[in-house]
Structures are given as C-alpha cells and as structure tokens.
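In this note's numbering, the protein residues as written are 495 to 806. We put the CB at the ideal spot given by N, CA and C, even for glycine. See below for the structure under consideration.
Below, the structure is given as structure tokens:
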C-alpha cells in the first residue's frame, strides 16, 4: 500500500515556511528585532553630487546616523540639487548644523557629513509648519579647491593680459633703448674711472686741509674768548671800584690799593694779550691778502734749520 501526500498539507507547509523566512529577513533588516525610528530631513546643494547614490550613508561627526533617501534637481533652481535624508531619532541635529559632501578614503565613495553645530544652538526638529526641516549646506572640499584654483587662474590670466599690454611693441622698443643707454653709460664710467678716483682723492685732500685750517683757527678763537672774559672781569672790577669810591676815604684807599695790586697787573696782561692778538690778526690779514688759499691749504712750509727734520 503506497503512502500518498496530502497536497493541502504540503501547500500549507510551504506557505508557513515562506512567511517565516520573510519575517526573519525583516527582523534582521530592522536591527535584530529593534525597530528604529527616523526623521525626514532635506538639504539643498549648489554643486555636483557625482558619486552620491541613494542609500548612501549620512554621518554625524563620522558616526552613521542615517541614509540618503532621495536625490533630485531643485525644480525652482536648476543649478541646485535637493537631497532627502532619513536620520535616526535622537541624533543631535542643531539649527546651525551643516551638510557637506565628503569622499571616503581612496575608494571615492561619497557620503553626506553633518557637522555638530554649536552647543547652545537649539535642536532642528520637524514641526507642523515644516514637517521636513532644511539642513543648511556648505561647499565640499573639492568645490572650495576648484573655486580657489579658478580664482588663481583668473588672476594669472589677468596678469598675463596686463603684462602683454605693458610689453607691447612701443614699450619693448623704449626698454631696449634704456638698456642700450645704460650700457653706454656704464662703458663711459668704466673709461673715466681713473678721473673719478683722482677726483675722490682730491676731495679727500681738500677735506683734510679744511680740517687743518679749522684746527689753526681754534686757538685764535680761544684767545679771543679769553680776552673777552678778561675784559668782562675788568669791567666788573671797575664797576665795583666805582661803587666803593664814594663811601669813605678808607674804602677809596683800599680800592686804590686793590687797583694797584690786582687791576693794574690784569690790565697790563690784558693790554699785552690784546697787542699779541692784534699782531696775530694783522699777520693773518697780510697772509690772507698775499695767499688767500692759505685759509684752506695752510701757510708755506718753513724750511728746516740746521739739525731739524723737515716738517710734513
């Protein structure tokens, strides 16, 4: 007697087994039985999203917190791309958080990175007025580098144009003429270097002679200053004597004695110094009349006497 299988039992078994497999897959996909809850967010990027795909990870400071749900061109601005995110509840998305595209390592997998925002900023949560909050975005590193390189290249292009405008045919001819004149001037200066050296030597010699003349005038000025001081002292002494003259006869006698003992010798010395000074000035005047250049070059050299070495 052969055993026959009941088709109804076999069909029920297959249905139960398939339902169990589907439930197991859904259970594993839900995170080992723990169903996660998500908030919907969106962001608008003004750059290319090449390499970014749906279900690409969304990271918060490097931690996976969600995935990209949708990628579409902004219908209001064709230069922008709208991204939709699913982010786990409890993720501290702040109102000043920013979304930026990043590439992972050498593989080039593009994902969305969310910045943490400032600690005092309020949380960005769905509301009745805005059920899908908008997360601000900022350019990615590649976009910033591209903008910087574009600015640098534009500056170089402008500089190249300015240089081309500066070094046109007329300016190149003028520059060539300047260089030729400079070469000619250098050649002339090289030919006249001996004359230039002699001129510098003459200037140094003139400065030396001027210093000698100044040194010779210094003693004369000092003597004139000393004579002036002596005259002032004498005037003060005479004034004191005049004040004391009308007091008493004894004071007059004392004054006369003082004049004889102090003033007259001083006057005699003063007269002698004035005579000597007058003689020196007269000699200087005569010498200047004879040889006016002696003020700078000095007087004639006196010949050496017997047993004396010639003076330089």
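Item                                                                                           : Value
For residue 581 and residue 533, believed in contact at Cβ under 8 Å, the rounded distance     : 5 Å
For residue 617, the nearest candidate out of 719, 695, 591 and 678 (CA to CA)                 : 591
Integer Cβ distance of residue 565 from residue 548, believed to fall under 8 Å                : 6 Å
Whole-Å CB distance - residue 562 paired with residue 546, under 8 Å assumed                   : 7 Å
DSSP-derived helix/strand/coil call for residue 552                                            : strand
Residue from 530, 586 and 623 with nearest C-alpha to residue 615                              : 586
Supposed close pair residue 577, residue 606 - CB separation, criterion 8 Å                    : 7 Å
Nearest neighbour of residue 594, chosen from 572, 640, 622 and 541 [CA to CA]                 : 541
7 Å Cβ cutoff met for residue 535 and residue 627                                              : yes
Residue(s) in a DSSP beta bridge with residue 663                                              : Bridge partners of residue 663: none, in fact.
Whole-angstrom C-beta distance between residue 631 and residue 537, which should lie under 8 Å : 5 Å
Length of the line joining the Cα atoms of residue 550 and residue 574                         : 19 Å
For residue 672 and residue 681, the rounded distance between their alpha carbons              : 14 Å
Helix, strand or coil at residue 771 [DSSP, three-state]                                       : helix
For residue 578, three-class secondary structure by DSSP                                       : strand
Bridge partners - residue 606, DSSP secondary structure assignment                             : 552 and 595
Run of the beta strand (DSSP E) containing residue 530, from where it starts to where it stops : From DSSP, residue 530 is part of no beta strand (DSSP E); its letter is neither H nor E.
Any non-hydrogen atom of the ligand HEM within 6 Å of residue 583 CB                           : The ligand HEM is absent from the structure shown, which contains no ligand whatsoever.
Three-way DSSP call (helix, strand, coil) for residue 629 in this model                        : coil
Length of the line joining the Cα atoms of residue 675 and residue 658                         : 24 Å
Coil, strand or helix - residue 558 by DSSP                                                    : strand
Distance between beta carbons of residue 725 and residue 764, contact taken as under 8 Å       : 7 Å
Residues that DSSP places opposite residue 588 in a beta bridge                                : 617
Rounded separation between residue 509 and residue 530 - CA only                               : 28 Å
For residue 767 and residue 721, believed in contact at Cβ under 8 Å, the rounded distance     : 6 Å
Rounded straight-line distance, which links the Cα of residue 716 to that of residue 697       : 29 Å
Residue(s) in a DSSP beta bridge with residue 718                                              : In the DSSP output, where bridge partners are listed per residue, residue 718 has none listed.
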